[in-house]
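One structure is given below, encoded as structure tokens.
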Amino acid sequence: MKNSEIRSLSESEIIERIAAEKENLTKLRFAHAISPIENPNKLKESKRLIARLMTTLTSKKLAK
């Protein structure tokens, strides 16, 4: 997900997306612990997406 796509989301959509991505990250971590996943960079990408979503959410809240 690109930053421009993230910025176009509303606050409630961002909050929902953060929850979904955190759940996805948890599932990826469990899958990786059981047997190594093919692309471990997915963990890194997922964490960065969550961080971008949270940063955008904070900036939207401060802009109000």
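Residue 9 in full-length UniProt numbering is what sits at position 9 of the sequence shown, and the numbering runs on without skipping anything.
All residues carry an ideal CB built from backbone N, CA and C; glycine is no exception.
- In this structure, 28 is the residue among 20, 28, 48 with its C-alpha nearest to the C-alpha of residue 37.
- By the neighbour-count definition (other C-beta atoms within 10 Å, threshold 16), residue 53 is a buried residue.
- When the Cα atoms are used, residue 19 and residue 8 turn out to be separated by approximately 18 Å.
- Non-local beta-carbon contacts of residue 57 in its own chain, meaning distances under 8 Å to residues more than five positions away in sequence, involve 11, 14, 15, 18 in chain order.
- Assignment of residue 57 by DSSP, reduced to helix, strand and coil, places it in the helix class.
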